[in-house]
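The next block holds one structure in the form of structure tokens; read it before the comments.
In this note's numbering, the protein residues as written are 310 to 468.
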């Protein structure tokens, strides 16, 4: 979460930094939890009690098995239920849609995260309501019945 005021960001350099650094890192974290939860045999790393680190890039369970790079089962499940709901990350930013679209246009790797549905992007209006949803291909859709982001947890830019 960042405290961001687009009116003070001449040229939208700070917005570009937010959209190309912390949002990308947040996507890695979110997608690792997502994959390790919805398909633990493919994207998780199994039981951490049995891990053997392999070359600093992953683990194997016990003395054999496939290289696994995801999160251990204990990170996503407490024995009774999942620790996190497997949801795709929603990013809410209070900034002009045109500025966000220009940034996405300059950074195809970031744009792909939203265009392919790995994350959701929302534009907040000045009242803190989710007013627009990024629909992909540099297009935005107006939100039907705006959703207020609570003032105590208001997200000028959230990652």
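Heads up, the beta-carbon is just placed ideally off N, CA and C, and yes, glycines get one too.
Small disclaimer: the values here were computed from a predicted structure and weren't measured.
Subject >> residue 398: first and last residue of the uninterrupted alpha helix (DSSP H) it sits in >> reply: As a working mapping, residue 398 is identified with position 89 in the chain shown. Looking at the DSSP string, residue 398 is not in any alpha helix (DSSP H), and its letter there is neither H nor E.
Original post:
From residue 347 to residue 314, what does the alpha carbon distance come to, in whole angstroms?
Top reply: Counting from one through the chain shown, the residue named residue 347 turns up at place 38. Counting from one through the chain shown, the residue named residue 314 turns up at place 5. Distance between the alpha carbons of residue 347 and residue 314: 36 Å.
**OP:** Could you check the C-alpha separation between residue 377 and residue 358 for me, to the nearest Å?
**Re:** Looking up residue 377 in the chain shown gives position 68. Looking up residue 358 in the chain shown gives position 49. Roughly 14 Å between the two C-alpha positions.
**OP:** Would you check if the stretch 395-411 and the stretch 365-374 touch, i.e. whether three or more CB-CB distances between them fall below 8 Å?
**Re:** Contact fails: fewer than three Cβ-Cβ distances are below 8 Å.
Original post:
Taking one C-beta from the stretch 402-421 and one from the stretch 382-393 each time, how about it: are there three or more such pairs within less than 8 Å?
Top reply: no
**OP:** Quick one: using the 10 Å Cβ neighbour count with 16 as the cut-off for buried, is residue 435 buried or exposed?
**Re:** Locating residue 435 in the chain shown gives position 126, counting from the first residue. Counting Cβ neighbours within 10 Å, residue 435 comes out exposed, since fewer than 16 surround it.
**OP:** Could you tell me the boundaries of the alpha helix (DSSP H) in which residue 421 lies?
**Re:** In the chain shown, the residue the question calls residue 421 occupies position 112. Here the alpha helix (DSSP H) through residue 421 covers 417-424.
Subject >> Where residue 442 sits in the DSSP three-state scheme >> reply: The residue you call residue 442 lines up with position 133 of the chain shown. Correct three-state label for residue 442: strand.
Original post:
Apart from the five residues on each side of it in sequence, which residues of its chain come closer than 7 Å, Cβ to Cβ, to residue 379?
Top reply: For the purposes of this step, residue 379 is taken as the residue at position 70 of the chain shown. Hits under 7 Å: 341, 344, 345, 352, 353, 354.
**OP:** Could you name the residues of the same chain whose beta carbon sits closer than 7 Å to that of residue 317, not counting the 5 residues immediately before and after it, in chain order?
**Re:** Numbered from 1 along the chain shown, position 8 holds the residue referred to as residue 317. Closer than 7 Å at the Cβ level, and outside the excluded window around residue 317, lies no residue.
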